[in-house]
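Visitor: The structure's right below; bear with me while I get my questions together.
Chains as they are written, first to last, in this note's numbering: chain A, 1 to 427; chain B, 1001 to 1187.
Here it is in structure tokens:
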């Protein structure tokens, strides 16, 4: 029997035995997923469990200042961006948010998905300028201090890469593999409308061509209606200045539109009568149809959802109670409802939506659920405030064919095996 | 000279009124005027119709030399693609199950080629090519696609005049294009 305040030190050899023994045990436990950090902790460090006092209570912790900028616990070291190790190149590339490891609707800044076309520039904000010219009364040049003098506003918006995922196999294994080019943050900046009014729009102003200060000089044309609606110039993300990967010191935000249009490292706004027909809105970010035509200027990201828990790569530890949880979003406004099916799409039930349900933000949904231990397929579908219903992959393919590259908002079903293993039901 | 003084006073008032008027147009008075020289230096946008293409020219033959030095490492000696996109061929494949999208088969506007090369290529040193070299490389790529004779020289006028084969195959966004029923049971 162990006493809480024992006077005799436990022999070191016994403690070492416990620790090493636990490593062997730990190796036998399936890592990751729902099969349980508790089970793993129990196996690895029984000396820290009741009735013993854990070792971290018996010595002072790290002093103040150990981390001037806080980092996650070392035990969360595997929760990182999902970056393929076999990309053809890493200058024009993307890294995914580990959606299945996150809760709530806000993506931590360090895990926000990245897509860049010429690397991530290091920009000195004191030497950064925003030029506004073209069909305006007064062409203007702004410093970052100028931009921050405008009245500010903050909004929670999702951002999603338009190619998330492609239509062709192989399909990914995890929620992150499938739709991890998706994140959500609270953005602070200035309404683009205010900045345009400062220069004075001239008649005939129909488009604003935005250009980034990266080595790709990313260029996209934004319709003037969007620029005068909810578009904004953002300098902060989740309370701190933008991360370099997100466009530091300034980016365009066009909520609900495909990620590529939210031009990062924004340096120039050219007000025009015609779109630029830039390379990234003609040869890329257009949608090829089976008949050889291609859709252009396909801006909106349509309603979509995915179950993140349980999801591919995870494992249900045992039959019994489990919460099904996931995220839903739509570029066309608010999510109205999310339905969940636990019988391969034969029947659906309404999930609970976590408040707040915000326009063009991620919405978290939940469904309490009892797993009887039998194999089955679970999936979710989002319905947005326009009444649009998230389609199946088969329904999308029937209309668009698999030459289509972007705007895949299909339902992604997960197969749960009798042993609790969760896999992509389409793979 | 009182008249002269009056004139000056009137001018001063007029100037003030004018300034006040300008401020009324600029609600916050933030930022400063961008000068024509500053705009000219930064505005590298070329329209799909070739508007704002700069002066200069380049031949297909010179373009083949520039391409070999600056582009071939990523795009292949003949634009067949490697780490970089395939640039050549694919015409007639877009309506098949194996579409090959290249400059020649897919791009709707030839001037976009100049715009993109000038702003973003080569990937390891963007905006390092002079306008003549950008015209030359554009000419070479168009020539490899059968859209320009091998002895041609390209400039603003001739580049804007090229009709790309896929020009009329782009359509607007018809979405929502998939209508899914809200079936709740027996689906």
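Beta carbons: idealized from backbone N, C-alpha and C, even for Gly.
Small disclaimer: the values here were computed from a predicted structure and weren't measured.
Does residue 399 of chain A have its Cβ less than 9 Å from a Cβ in chain B?
Guide: Yes, residue 399 of chain A lies at the interface with chain B (some Cβ there is under 9 Å from its Cβ).
Visitor: Indicate whether residue 1104 of chain B and residue 1145 of chain B have their beta-carbon atoms separated by less than 9 Å.
Guide: Yes.
Visitor: Since I believe residue 287 of chain A is in contact with residue 407 of chain A (beta carbons under 8 Å), could you give me their beta-carbon distance rounded to a whole number of angstroms?
Guide: That belief holds up - the Cβ atoms of residue 407 of chain A and residue 287 of chain A are roughly 6 Å apart, short of 8 Å.
Visitor: Does the segment 1067-1080 of chain B come close enough to the segment 1135-1151 of chain B to have 3 or more Cβ pairs within less than 8 Å?
Guide: As far as the Cβ criterion goes, the segment 1067-1080 of chain B touches the segment 1135-1151 of chain B, which means the pair count is three or higher.
Visitor: With a threshold of 9 Å between beta-carbons, can residue 66 of chain A be considered close to chain B, or not?
Guide: False, the Cβ-Cβ gap to chain B never drops below 9 Å.
Visitor: How would you write the range of the alpha helix (DSSP H) that residue 1113 of chain B sits in, first residue to last?
Guide: Residues 1111-1120.
Visitor: Quick one: what's residue 424 of chain A bridged to in DSSP?
Guide: In the DSSP output, where bridge partners are listed per residue, residue 424 of chain A has A:414.
Visitor: Any idea what DSSP makes of residue 232 of chain A, helix, strand or coil?
Guide: Note: residue 232 of chain A maps to strand in three-state DSSP.
Visitor: Hey, could you find the ends of the alpha helix (DSSP H) residue 1062 of chain B is sitting in?
Guide: Run containing residue 1062 of chain B: 1060-1070, per the alpha helix (DSSP H) assignment.
Visitor: For residue 1177 of chain B, go through chain A and note every residue whose CB falls closer than 8 Å to its CB, in chain order.
Guide: Neighbours of residue 1177 of chain B on chain A, chain order: 399 and 400.
Visitor: Residues of chain B with CB closer than 9 Å to the CB of residue 139 of chain A, please, in chain order.
Guide: Within chain B, the residues near residue 139 of chain A are 1033, 1034, 1035, 1036, 1038 and 1039.
Visitor: Looking at residue 363 of chain A and residue 329 of chain A, is the spacing between their C-beta atoms short of 9 Å?
Guide: In this structure, residue 363 of chain A lies closer than 9 Å to residue 329 of chain A by Cβ.
Visitor: Which residue from B:1155, B:1178, B:1184 and B:1187 puts its Cα closest to that of residue 1057 of chain B?
Guide: Checking every option, the nearest Cα to that of residue 1057 of chain B belongs to B:1155.
Visitor: Do the segment 267-278 of chain A and the segment 129-144 of chain A make contact, defined as three or more Cβ pairs closer than 8 Å?
Guide: Touching, yes.
Visitor: What ranges does the alpha helix (DSSP H) occupy inside the segment 1074-1152 of chain B, keeping only unbroken runs of at least 4 residues that lie completely in it?
Guide: Taking only runs of at least 4 residues, the alpha helix (DSSP H) segments lying wholly in the segment 1074-1152 of chain B are 1111-1120 and 1131-1144.
Visitor: So, for residue 231 of chain A: in the same chain, excluding its five sequence neighbours on each side, which residues have a beta-carbon less than 8 Å away from its beta-carbon?
Guide: Taken in chain order, the residues that qualify are 191, 192, 193, 222, 252, 253, 254 and 255.
Visitor: Any idea what DSSP makes of residue 1155 of chain B, helix, strand or coil?
Guide: The answer is strand: DSSP assigns residue 1155 of chain B an E or B state.
Visitor: What does a CB cutoff of less than 7 Å around residue 280 of chain A pick up in its chain, not counting 5 residues either side in sequence?
Guide: So the list reads 218, 219, 220 and 260, once near-sequence residues are dropped.
Visitor: For the beta strand (DSSP E) that contains residue 177 of chain A, what are its first and last residues?
Guide: It is not in any beta strand (DSSP E) - residue 177 of chain A instead sits in the alpha helix (DSSP H) that spans 175-179.
Visitor: Run down chain B in chain order and give the residues with a C-beta less than 8 Å from the C-beta of residue 270 of chain A.
Guide: Result: 1043 and 1045.
Visitor: Compute the distance between the beta-carbons of residue 367 of chain A and residue 416 of chain A, then report whether it is under 9 Å.
Guide: Contact flag unset, no.
Visitor: Less than 9 Å between CB atoms is the rule here; does residue 1134 of chain B satisfy it with respect to chain A?
Guide: Not an interface residue.
Visitor: Under a Cβ-count criterion, where at least 16 other Cβ atoms within 10 Å of its own Cβ denotes burial, should residue 240 of chain A be classed as buried or exposed?
Guide: Under this definition residue 240 of chain A is an exposed residue.
Visitor: Is it the case that the Cβ atoms of residue 1150 of chain B and residue 1061 of chain B are separated by a distance below 9 Å?
Guide: Yes, the pair counts as a contact, with Cβ atoms nearer than the cut-off.
Visitor: Closer than 9 Å, Cβ to Cβ, to anything on chain B: give me those residues from the segment 340-372 of chain A, in chain order.
Guide: If the cut-off is 9 Å between Cβ atoms, the segment 340-372 of chain A has 341, 345, 346, 347, 348, 349 and 350 near chain B.
Visitor: Can you give me the Cβ contacts of residue 1127 of chain B inside the same chain, cut-off strictly under 6 Å, excluding the 5 residues immediately before and after it?
Guide: Cβ within range, chain order: n/a, list empty.
Visitor: My output table needs one value for residue 339 of chain A: the three-state DSSP class, helix, strand or coil.
Guide: Strand at residue 339 of chain A.
Visitor: Identify, in the order they occur along the chain, each residue of the same chain with its Cβ nearer than 6 Å to the Cβ of residue 234 of chain A, setting aside the five sequence neighbours on each side.
Guide: Around residue 234 of chain A: 187, 189, 251 and 253.
Visitor: Could you tell me which residues DSSP puts in a beta bridge with residue 384 of chain A?
Guide: According to DSSP, which records beta bridges pairwise, residue 384 of chain A is partnered with A:335.
Visitor: Ordered along the chain, which non-local residues of its own chain (more than five positions away) have a Cβ less than 8 Å from that of residue 1032 of chain B?
Guide: Here the set comprises nothing.
Visitor: Among A:321, A:206, A:306 and A:333, whose alpha-carbon lies nearest the alpha-carbon of residue 339 of chain A?
Guide: Looking at the Cα atoms, A:306 is the closest of the given residues.
Visitor: Can you list, in chain order, the residues of the segment 114-133 of chain A whose Cβ is nearer than 8 Å to any Cβ on chain B?
Guide: So the list reads 117, 118, 131, 132 and 133, given in the order they occur along the chain.
Visitor: Per DSSP, residue 257 of chain A forms a beta bridge with which residues?
Guide: Residue 257 of chain A pairs with A:300.
Visitor: At the level of alpha carbons, what is the spacing between residue 1186 of chain B and residue 349 of chain A?
Guide: If I take the Cα positions, the gap works out to 12 Å.
Visitor: So, are the CB atoms of residue 293 of chain A and residue 1171 of chain B less than 9 Å apart?
Guide: Their beta carbons are under 9 Å apart, which means residue 293 of chain A touches residue 1171 of chain B by this criterion.
Visitor: Chain B partners of residue 286 of chain A, CB-CB under 8 Å?
Guide: Near residue 286 of chain A (Cβ distances below 8 Å), the residues of chain B are 1170.
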